[in-house]
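*Asks:* In order, the protein sequences belong to chains A and B.
Position in the first sequence (first residue = 1) + 39 = this note's numbering.
Position in the second sequence (first residue = 1) + 20 = this note's numbering.
There's a structure below that I have some questions on.
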Amino acid sequence: MNAGLYFHIPYCVKKCDYCDFYSVNRTDGQKIYFEAVRKEMEGYRGKRIAVDSVFFGGGTPSVADPMELAALLEQAREIFSFSSDTEITIELNPKTFHREKLLIYCNSGVNRISMGLQSANNDELSKLGRIHTKEEFLSSYELLREVGFSNINTDIIYGLPDSDLHSLERTLSFLRELDCEHISAYALTLNDNSPMYRRGYRFPDDDGVYEQYRLVCEMLSGYRHYEISNFVKQSESPCRHNLKYWQRAPYLGFGAAAHSFFEGCRWSNPEDIHCYVQGIQQEIQPEKEKVSQEDSFSETMMLSLRTDKGVKYADLPQGFYEKNRKLLEQFEASGYLTMGENGFRLTEAGFFVSNSILTALL
Amino acid sequence: MSDRQKHIRNFSIIAHIDHGKSTLADRLLEKTGVVSAREMEEQLLDNMELERERGITIKARAVRLVYRAKDGEEYIYNLIDTPGHVDFNYEVSRSLKACEGAILIVDAAQGIEAQTLANAYLAVDNDLEILPVINKIDLPSARPDFVKNEIEDIIGIPAEEAPLISAKNGTNIEDVLEAIAHTIPAPSGDEDAPLKALIFDSYYDAYKGVIIYIRVIDGKITKDTTMKMMANGKEFEVVELGYLNALGMTPCQELCAGEVGYVTASIKSLKDTSVGDTVTDKFNPATEPLPGYKAVQPMVFCGLYPVDGARYDDLKESLLKLQLNDAALIFEPETSIALGFGFRCGFLGLLHLEIVQERLEREFNLDLITTAPSVIYKITKTDGTTMNLDNPTNLPNPSEIASMEEPFVSATIMSPTDYVGNIMELCQERRGVFIDMKYLDETRVSIHYDMPLNEIIYDFFDDLKSRTKGYASLDYELASYKESKLVKLDILLNGEIVDALSFIVHTDKAYARGRRIAEKLKEVIPRQLFEIPIQAAIGNKVIARETVKAMRKDVLAKCYGGDITRKKKLLEKQKEGKKRMRQFGTVEVPQEAFMSVLKL
Numbered sequence: 040m041n042a043g044l045y046f047h048i049p050y051c052v053k054k055c056d057y058c059d060f061y062s063v064n065r066t067d068g069q070k071i072y073f074e075a076v077r078k079e080m081e082g083y084r085g086k087r088i089a090v091d092s093v094f095f096g097g098g099t100p101s102v103a104d105p106m107e108l109a110a111l112l113e114q115a116r117e118i119f120s121f122s123s124d125t126e127i128t129i130e131l132n133p134k135t136f137h138r139e140k141l142l143i144y145c146n147s148g149v150n151r152i153s154m155g156l157q158s159a160n161n162d163e164l165s166k167l168g169r170i171h172t173k174e175e176f177l178s179s180y181e182l183l184r185e186v187g188f189s190n191i192n193t194d195i196i197y198g199l200p201d202s203d204l205h206s207l208e209r210t211l212s213f214l215r216e217l218d219c220e221h222i223s224a225y226a227l228t229l230n231d232n233s234p235m236y237r238r239g240y241r242f243p244d245d246d247g248v249y250e251q252y253r254l255v256c257e258m259l260s261g262y263r264h265y266e267i268s269n270f271v272k273q274s275e276s277p278c279r280h281n282l283k284y285w286q287r288a289p290y291l292g293f294g295a296a297a298h299s300f301f302e303g304c305r306w307s308n309p310e311d312i313h314c315y316v317q318g319i320q321q322e323i324q325p326e327k328e329k330v331s332q333e334d335s336f337s338e339t340m341m342l343s344l345r346t347d348k349g350v351k352y353a354d355l356p357q358g359f360y361e362k363n364r365k366l367l368e369q370f371e372a373s374g375y376l377t378m379g380e381n382g383f384r385l386t387e388a389g390f391f392v393s394n395s396i397l398t399a400l401l
Numbered sequence: 021m022s023d024r025q026k027h028i029r030n031f032s033i034i035a036h037i038d039h040g041k042s043t044l045a046d047r048l049l050e051k052t053g054v055v056s057a058r059e060m061e062e063q064l065l066d067n068m069e070l071e072r073e074r075g076i077t078i079k080a081r082a083v084r085l086v087y088r089a090k091d092g093e094e095y096i097y098n099l100i101d102t103p104g105h106v107d108f109n110y111e112v113s114r115s116l117k118a119c120e121g122a123i124l125i126v127d128a129a130q131g132i133e134a135q136t137l138a139n140a141y142l143a144v145d146n147d148l149e150i151l152p153v154i155n156k157i158d159l160p161s162a163r164p165d166f167v168k169n170e171i172e173d174i175i176g177i178p179a180e181e182a183p184l185i186s187a188k189n190g191t192n193i194e195d196v197l198e199a200i201a202h203t204i205p206a207p208s209g210d211e212d213a214p215l216k217a218l219i220f221d222s223y224y225d226a227y228k229g230v231i232i233y234i235r236v237i238d239g240k241i242t243k244d245t246t247m248k249m250m251a252n253g254k255e256f257e258v259v260e261l262g263y264l265n266a267l268g269m270t271p272c273q274e275l276c277a278g279e280v281g282y283v284t285a286s287i288k289s290l291k292d293t294s295v296g297d298t299v300t301d302k303f304n305p306a307t308e309p310l311p312g313y314k315a316v317q318p319m320v321f322c323g324l325y326p327v328d329g330a331r332y333d334d335l336k337e338s339l340l341k342l343q344l345n346d347a348a349l350i351f352e353p354e355t356s357i358a359l360g361f362g363f364r365c366g367f368l369g370l371l372h373l374e375i376v377q378e379r380l381e382r383e384f385n386l387d388l389i390t391t392a393p394s395v396i397y398k399i400t401k402t403d404g405t406t407m408n409l410d411n412p413t414n415l416p417n418p419s420e421i422a423s424m425e426e427p428f429v430s431a432t433i434m435s436p437t438d439y440v441g442n443i444m445e446l447c448q449e450r451r452g453v454f455i456d457m458k459y460l461d462e463t464r465v466s467i468h469y470d471m472p473l474n475e476i477i478y479d480f481f482d483d484l485k486s487r488t489k490g491y492a493s494l495d496y497e498l499a500s501y502k503e504s505k506l507v508k509l510d511i512l513l514n515g516e517i518v519d520a521l522s523f524i525v526h527t528d529k530a531y532a533r534g535r536r537i538a539e540k541l542k543e544v545i546p547r548q549l550f551e552i553p554i555q556a557a558i559g560n561k562v563i564a565r566e567t568v569k570a571m572r573k574d575v576l577a578k579c580y581g582g583d584i585t586r587k588k589k590l591l592e593k594q595k596e597g598k599k600r601m602r603q604f605g606t607v608e609v610p611q612e613a614f615m616s617v618l619k620l
């Protein structure tokens, strides 16, 4: 199976208040960081690993010097064996790019864009600590189309503070008008000490978030709901890179806080730019964890069940079906899953309680 | 009386809870130099962790003090500590049997409380000399003269000479030490008579086996004695004997009539000694044993089950060990459809139940499920036979029951007059029958009710405290059985009876309690993948219904950048959480659910 490459760009103009991923509120000092990333990549030279997806995630990749990203891609092409149709995605935030930047991406082979809208209501955007408005998003989006990008993902978040079905409906209507190829819709997940909890917002309860999820599913019914939080136009293909995560395909992550799964091992880089750079300079290898047979089964289950393809009995331990038949039938009767001849998959209702279903089955 | 005996004083300290018993014991230890200030730990006699946290003495302990009195003589004081809570009255009487006198502490601000009186009567019943001591004179609200009068009027003992102390500040502790020598009688007893010693406590030590605490009444016990237990006839060679110090044990050669100490004899089996038994000498036996203790009557029963069924044997071992130090705890195996194998245990009261449960969880590292507490009901069946019922599950079919009786206690509540209305309201709600009310003085009353015990075991005491701002005190003793209209209330989860939650209740209370339990369970049972109907029912008649709605959201929306470790950890945590749940069909019930019902 072809591998995917992930590059973590941990810089932001201003980190969003809900964000739980590793990034810093500054954009300087990138030179030494990209040097380290390039050195990390060098470790694979000579292996000719086959690659068919690349993903620049963050942070905000678009705040980085575009020439640095182009250089990374150029080097990657030398080291790895890229297939001709390699999907190359970059995450952008509105207001962090201009035409010239986009042209550099284009020229270096970027063919897929993922941009955060999060909400089409400006009051919600400011509560989230986003730096843009709905209107600014729209002009950024139009610029992407103008430059010629034909595979665009838009991120939204539901379950927002003080939100309700009406505010979400506005976002979803706006989204439908955009007619983008791919949509990621995430339920807001805050860690327990998030500053957003201290501002007196009213957060919808679990039932409320569930209602919003139903509305998302309903209004995006023209799209294929191929993963818990991901939708793709019927005529288009799912994000190849993200599918690798759910399908346990190999991927290599470069940069601070990047995760890898390769040759049956999982590992991750330090969640700190300085530690990461130092580690690379001193050639300290992160600890690799070999995934045991037992863990592979549970990983298969928890990852496959996130997708609309579900899981195949052949990929689960022998006797799984016989052992869990009663439970599976109960879940099916309750509308949480659908059983087929060779396996089973979760329904849209099942997706939203997948943790409980997994806990029951694992 | 031997010269040795003239200088021995054996006494207990008795008091209402929080009147300063443990603090005075500490001061006595300090002033007699048994414990240096450096070694002094707050409330040394209460050495169980749990006792310290709850500020109550659960187990009696004993300690030997040496005091040089103003007359120049040196006295041996054996202080035998006693528990203060109403649940543990029988342990108080156990300790008193080993003494000639008792220090009765009365709080200078609060005056006589229900247990002051109950304990004083116990001491009188045991023919003890009572030395009244008025504590907490440092409080601004202290009224020592008033309290002196109260002691004389209500208890009927002279109090003019009572030492006025502050145990907290160490004020006038000398007066107490002097008064002990003068007021409390020396032990009498024939050192040359055949050995008779009372076992007043025992304790299990992992290295020495059973350690028994004894008070020698007649004769002497030495390292060469072959002991014979008069109740069961078992014989043991003495291995070690000695005195009980605050910080440990000091071996000695012999213990003579009037003395208090410990004995070890390689006693391995937990059942070979019983507190209250008489020890004699195999080769020179006494003819008659000492009058034993009144057999302890557990009044509250419940089932105890390990959360993890595989730990049944651990639970059994732990109960056996606890029982050695706690004669009031009884247990026998039982089986619950819902919970599997466990034990039906008998306790003195709800506090005793909670303490045993906590000790099992802390000291023996067990996770337990407690079923709804019950008292013993007497049932007469239509065929004329009778039965005692301590487990609601075993209630015969109602058509086979001719009549049922429930235990009533005679309850005494003392309180400032301001709260009389609140107290009567509470007792009325709890089906109490008013007997009388006496004015102790212009501001305080003693109210007397006959109350069904099964109303008292459910948080009556907490309710009483909250309705009287903590001022009322309670004492009660089992009085009689009375016929009553009782029914069994079952709780059904998803249509199935959970036997561990069944309990017996008075007909008039069934609806209200059924409703409260259903509501409470709805709160504590987490939402699950399926809707869970909760029903309270009497027979086939459902009297309350609630529903735990099906869970709608339990999802990790994002696994960003291929980081699946977060999700793995989350699932592991959820699986861990499941282990603390009990499965009933498809319903998972957390351990806390059983506890919360118990508290209603």
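Ideal placement from N, C-alpha and C gives every residue a C-beta, glycine not left out.
#1: Between the stretch 392-401 of chain A and the stretch 117-132 of chain B, do at least 3 Cβ pairs fall closer than 8 Å?
#2: Under DSSP, the alpha helix (DSSP H) around residue 202 of chain B begins and ends at which residues?
#3: What three-state label does DSSP hand residue 125 of chain B in the structure shown?
#4: Got a sec, what are the start and stop residues for the beta strand (DSSP E) residue 301 of chain A sits in?
#5: Just to confirm my understanding: we take residue 384 of chain A, look at its own chain, exclude 5 residues before and 5 after, and list those with CB closer than 8 Å. What are they?
#6: For residue 347 of chain A, return the contacting residues in chain B, with the cut-off set at a CB-CB distance below 8 Å.
#7: Between A:290, A:382, A:330, A:359, which lies nearest to residue 80 of chain A when the distance is taken from Cα to Cα?
#8: Consult DSSP for residue 51 of chain A and reduce its assignment to one of helix, strand or coil.
#9: Straight-line CA distance for residue 78 of chain B to residue 374 of chain B?
#10: Quick one: give me the first and last residue of the alpha helix (DSSP H) that residue 345 of chain A is part of.
#11: For a contact meaning CB atoms closer than 9 Å, what does residue 594 of chain B contact in chain A?
#12: Could you check whether the stretch 42-51 of chain A touches the stretch 76-93 of chain A, counting it as contact only if at least three pairs of C-beta atoms, one from each stretch, sit closer than 8 Å?
#13: Rounded C-beta distance between residue 369 of chain B and residue 320 of chain B? I'm assuming under 8 Å.
#14: Within 8 Å (strictly less), CB to CB, does residue 47 of chain A reach chain B?
#15: Distance check for residue 385 of chain B and residue 581 of chain B, CA to CA, integer angstroms please.
#16: List, in chain order, every chain B residue whose beta-carbon is nearer than 8 Å to that of residue 226 of chain A.
#17: Are the beta-carbon atoms belonging to residue 193 of chain B and residue 155 of chain B less than 8 Å from one another?
#18: Using a Cβ-Cβ cut-off of 6 Å (strictly less than) and excluding sequence neighbours within five positions of residue 201 of chain A, which residues of its own chain qualify?
#19: Using a beta-carbon distance cut-off of less than 9 Å, what residues from the stretch 113-144 of chain B approach chain A?
#20: Checking contacts by CB at 8 Å: is residue 248 of chain A closer than that to chain B?
#21: Residue 267 of chain A touches chain B at which residues, Cβ-Cβ below 7 Å?
#22: Have a look at residue 179 of chain B and residue 144 of chain B and give me their C-alpha separation to the nearest angstrom.
#23: Using a Cβ-Cβ distance under 8 Å, would residue 155 of chain A count as near chain B?
#24: Using the Cα positions of residue 236 of chain A and residue 544 of chain B, report the straight-line distance between them to the nearest angstrom.
#25: Can you tell me which of the three DSSP states residue 314 of chain A falls into?
#26: Which residues in chain B have a C-beta closer than 7 Å to the C-beta of residue 391 of chain A? List them in chain order.
#27: What do you reckon, are the CB atoms on residue 216 of chain B and residue 298 of chain B nearer than 8 Å?
#28: Nearest to residue 37 of chain B by alpha carbon, out of B:492, B:363, B:83?
#29: What residue range does the alpha helix (DSSP H) around residue 4 of chain B cover?
#30: Who are the near neighbours of residue 134 of chain A in its chain, counting only those whose CB is closer than 7 Å to its CB and skipping five residues on each side?
#31: Cβ of residue 587 of chain B less than 8 Å from any chain A Cβ?
#32: With distances taken from CA atoms, which of B:539, B:511, B:391, B:601 is nearest residue 561 of chain B?
#33: Grab the span of the alpha helix (DSSP H) containing residue 212 of chain A for me, first residue to last.
#34: Check the C-beta distance from residue 414 of chain B over to residue 396 of chain B and give it rounded, since I have them as a contact under 8 Å.
#35: Where residue 410 of chain A and residue 300 of chain A are concerned, what is the direct C-alpha to C-alpha distance, given to the nearest angstrom?
#36: How far does the beta strand (DSSP E) with residue 471 of chain B in it reach, from first residue to last?
*Replies:* Working from what's here:
#1: no
#2: 193-203
#3: strand
#4: 298-301
#5: 344, 346, 347, 348, 349, 350, 376, 377
#6: Near residue 347 of chain A there are no residues of chain B at all, since even the closest Cβ is about 15 Å away, more than 8 Å.
#7: A:290
#8: coil
#9: The pLDDT assigned to residue 78 of chain B is 39, lower than 50, so where the model puts this residue is not dependable, and the model offers no usable value.
#10: No alpha helix (DSSP H) contains residue 345 of chain A, which DSSP labels as neither H nor E.
#11: 394, 395, 397, 398
#12: Yes, since at least three Cβ pairs between the stretch 42-51 of chain A and the stretch 76-93 of chain A fall closer than 8 Å, the two stretches touch.
#13: 6 Å
#14: yes
#15: 41 Å
#16: 573, 575, 577
#17: no
#18: 240, 241
#19: none
#20: yes
#21: Residues of chain B whose Cβ lies closer than 7 Å to the Cβ of residue 267 of chain A are, in chain order, 575, 577.
#22: 15 Å
#23: It does not: the Cβ of residue 155 of chain A has no partner Cβ on chain B nearer than 8 Å.
#24: When only Cα atoms are considered, residue 236 of chain A and residue 544 of chain B end up about 24 Å apart.
#25: helix
#26: Ordered by position in chain B, the residues that pass the 7 Å Cβ test against residue 391 of chain A are 572, 573, 575.
#27: yes
#28: Measuring from the Cα of residue 37 of chain B, the nearest candidate turns out to be B:492.
#29: In the structure as shown, chain B starts at 21 and stops at 620, and residue 4 of chain B therefore has no counterpart that could be examined.
#30: 170, 171, 175, 179
#31: yes
#32: B:511
#33: 204-217
#34: About 12 Å; that fails the 8 Å criterion.
#35: Residue numbering for chain A in the displayed model covers 40 to 401; residue 410 of chain A lies beyond these limits and cannot be assessed.
#36: 464-472
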